[in-house]
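Okay, structure first, notes after.
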Amino acid sequence: MTDSVVHRRALRWSSRLLVDILIVAALCLVVGVLLKADTVLAALPGQATFEILTLTAAAVGAGSAILALVASRLIDEPRLAWISSALVLYCVIVLPWTTMAATDMDIAHRASRLVAYVTALVLLLASIRPPRSTGSWGGWVVMVVGGLAAFAALDLPDTPGLRGLVEGPLLTVVVLVGWSAVAVAYVVEGVRRQCNPWLRLGLGLIVLAVAQLYRVSTGAPSSTTNLVFAALRLVGLAIVLIGVAQIVQRSMATQRSEFWQQQEELATAALHMERAGELAAERSHELRNGLAGLAGITHLLSADGGQDHERLKHAVLAELSRLHRILDGDETAQAVDDYLVGPVLEGLAALRDTALTLEIEPGLRARGDPAVLAQVVTNLLANCDRHAPGAQVHVTARHDEADVVVEVRDEGPGLPPDLEPGAVLGRGVRDESAGGSGLGLYISGELLAREGGSLRLSTVTDPRGCVAAVRVPAAAPLTAPASR
């Protein structure tokens, strides 16, 4: 990634950060100004509006807690689980009890609310770096213990020591400072990761801290103070909800992307496995046919001398070389070149222990890989042995316009009645009565197609049999050098 791209991304992130901060500040300012206006205060019933804002904030906070829990499971993020438990405690205990703020709360209720505040603060502080030993569930244990402690505080007697602790500024300052520290930590985390959801989560917690600070700093609670406090608290929880919702959205998008990527990888692996299976089956098929031809002449090679001995030896060596290339997996890696068709067909005919006649046009040359023609004709001869055992086989090779045509004809039963003339068998199509894997003709057609050739089958009569017509590109005619 170039420096200019990094610089542009940093500028875009900085602009989004500034916009978020300005929007949050503007919301807080508008809330403070509107709810202090005499016309607004006169139109709103103080206590009822405060209770509606508080219950709405509790609902928003509960939604944030649920989404935070979902996100923690989706992206395996323990911090969100601890935040979720803190929000549950805040919404279940702290918020409902603040509806009593307009009336005189006894010291036990104020102590209980303070215990819940402190527990929520502990959960938020722990969410910055959750203990590894507890993981995601540790926050819920702390929440349950803190909730039980808050309810137990309702039975505390009104003593001077308890009153001094609850009404004194120490615990209030500790809660405010700790809450603000957690909020700033999440803002810093969002800036460090350049992640808007974490930034907005931190900004929402800052607004909650500002709301509590505003209420404490105004001294004795009043209708105006309660409304501004409740509205700011609702704004803060709404921002937290937005941040957590965006975390869930991003995590789901990431999981969808990973899911489709895994599906593509699995599909690619399946294709590779299928192709590997096809290659293994093709090589096995070709090796069986080649070895069958070699086995048919071993008794001839064991004889002493003879004029055909040298020709058979060269034919065997050529066939072994072709099989070796198949085993090495580079049977199609040869460069395209011209070759004489006659020696290829004569070598294959020498390997067959069957009645076979050859008619080859003199000087016939083809263009491509001679191993492909050898492999195709080997498959055709093996099919003749399988479908027309003992029958006469005729192999002819001639020039036909831009192609070399090699025809392999047997005097067997011909093609099955359900196959049309000129048919090319697909993969796995075979005659059940004759056996075979159904790969030979399919492989032959594929190999010839790569060479620019083709394979067609048909049934002939007089005598009846099957003709396989192999077409391969003919070599360009040799031109004599121009005379000076």
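For the sequence shown, the working numbering gives the first residue as 285, with consecutive numbering after it. All C-beta atoms, glycine included, are put in the ideal place defined by N, C-alpha and C. Since we're looking at a predicted model, the values are computed, not measured.
### Query
Would the beta-carbon of Val-378 fall within 9 Å of that of Ala-404?
Against a cut-off of 9 Å, the Cβ pair of Ala-404 and Val-378 comes out as a contact.
### Task
Compare the beta carbon distance of Val-690 and Leu-629 with 9 Å and say whether it is the shorter of the two.
Their beta carbons are under 9 Å apart, which means Val-690 touches Leu-629 by this criterion.
#### Entry: Residues of its chain near Asp-304, where Cβ-Cβ distance is below 8 Å and the 5 sequence neighbours each way are ignored
Asn-480, Leu-483, Arg-484, Leu-487.
### Task
On a CA-only basis, which of Ala-469, Gly-422, Pro-757 is nearest Ala-365? Give me that one, please.
For the options Ala-469, Gly-422, Pro-757, the alpha carbon positioned closest to that of Ala-365 is the one of Gly-422.
### Val-402 to Arg-394 span [Cα, whole Å]
Going by the C-alpha atoms only, they are around 12 Å apart.
### Query
Which residues bound the alpha helix (DSSP H) around Ala-365?
DSSP places Ala-365 in the uninterrupted alpha helix (DSSP H) bounded by 362 to 373.
### Task
Indicate the three-state DSSP secondary structure (helix, strand or coil) for Pro-646 in the structure shown.
Look at Pro-646 here: in three-state DSSP terms it is coil, with no helix or strand label.
### Helix, strand or coil at Ala-400 [DSSP, three-state]
Helix.
### Task
Hey, could you find the ends of the beta strand (DSSP E) Arg-682 is sitting in?
Counting along the chain, the beta strand (DSSP E) containing Arg-682 begins and ends at 677 to 684.
### Query
Taking C-beta to C-beta, are Val-754 and Gly-736 nearer than 9 Å?
No. Outside cutoff.
### Task
Compare the beta carbon distance of Thr-382 and Arg-397 with 9 Å and say whether it is the shorter of the two.
In this structure, Thr-382 lies near Arg-397, with their beta-carbon atoms less than 9 Å apart.
### Those residues which DSSP pairs with Tyr-726 across a bridge
Answer is none; Tyr-726 lacks a bridge partner.
### Query
Is it buried or exposed for Ile-644, if we count other Cβ within 10 angstroms and need 16 for buried?
Its Cβ being crowded by 16 or more others within 10 Å, Ile-644 is buried.
#### Entry: Cβ neighbour criterion (16 or more within 10 Å) applied to Cys-362
The sequence shown places Pro at residue 362, not Cys. By the Cβ-count criterion, Pro-362 is buried, with 16 or more other Cβ atoms from all chains shown falling within 10 Å of its own Cβ.
### Message
So for Glu-735, helix, strand or coil by DSSP?
### Response
Coil, per DSSP.
### Query
For Val-406, which of Val-429, Ile-350, Val-472, Ala-349 has the nearest alpha-carbon?
Across the set Val-429, Ile-350, Val-472, Ala-349, the C-alpha of Val-429 shows the shortest separation from the C-alpha of Val-406.
### Query
In terms of DSSP beta bridges, what is Val-532 paired with?
Assignment of beta-bridge partners to Val-532 by DSSP yields no partner.
### Query
Which term fits Asp-653, buried or exposed, when burial requires 16 or more other beta carbons within 10 angstroms of its beta carbon?
Asp-653 comes out buried.
### Task
Might you give, ordered along the chain, the residues of its own chain that have their beta carbon closer than 8 Å to the beta carbon of Gly-462, omitting 5 neighbours on each side?
Answer for Gly-462: Leu-405, Leu-408, Leu-409, listed in chain order.
#### Entry: Beta-bridge partners of Pro-757, as assigned by DSSP
According to DSSP, which records beta bridges pairwise, Pro-757 is partnered with Asp-687.
### Message
DSSP has Thr-743 in a bridge; who is on the other side?
### Response
According to DSSP, which records beta bridges pairwise, Thr-743 is partnered with Cys-750.
### Task
Answer yes if the region 292 to 302 comes into contact with the region 509 to 518, meaning at least three C-beta pairs across the two stretches below 8 Å, and no otherwise.
Proximity of the region 509 to 518 to the region 292 to 302 falls short of the contact definition, fewer than three beta-carbon pairs being nearer than 8 Å.
### Task
Classify Pro-414 as buried or exposed, calling it buried when 16 or more other Cβ atoms lie within 10 Å of its own Cβ.
Of the other Cβ atoms in all chains shown, 16 or more fall within 10 Å of the Cβ of Pro-414; this residue is therefore buried.
### Query
Would you call the CB atoms of Pro-757 and Ala-655 closer than 9 Å?
Going by C-beta atoms, Pro-757 is not nearer than 9 Å to Ala-655.
### Query
Is the region 487 to 501 touching the region 351 to 360, taking contact as three or more C-beta pairs under 8 Å?
The region 487 to 501 is not in contact with the region 351 to 360.
### Message
For Leu-358 and Ser-535, which I take to be in contact (beta-carbon distance under 8 Å), what is that distance rounded to the nearest angstrom?
### Response
Correct: roughly 4 Å between the Cβ atoms.
#### Entry: Which listed residue (Leu-555, Pro-700, Gly-631, Leu-518) has its alpha carbon closest to that of Glu-335
Of the candidates Leu-555, Pro-700, Gly-631, Leu-518, the one whose C-alpha sits nearest the C-alpha of Glu-335 is Leu-518.
### Query
Excluding five sequence neighbours on each side, which residues of the same chain lie with their C-beta closer than 6 Å to the C-beta of Ile-307?
No residues qualify anywhere along the chain.
### Task
Grab me the residues of Val-372's own chain with a C-beta within less than 7 Å of its C-beta, minus the 5 sequence neighbours each way, in chain order.
Excluding its 5 nearest sequence neighbours in each direction, Val-372 has C-beta neighbours in its own chain below 7 Å: Ala-349, Met-427, listed in chain order.
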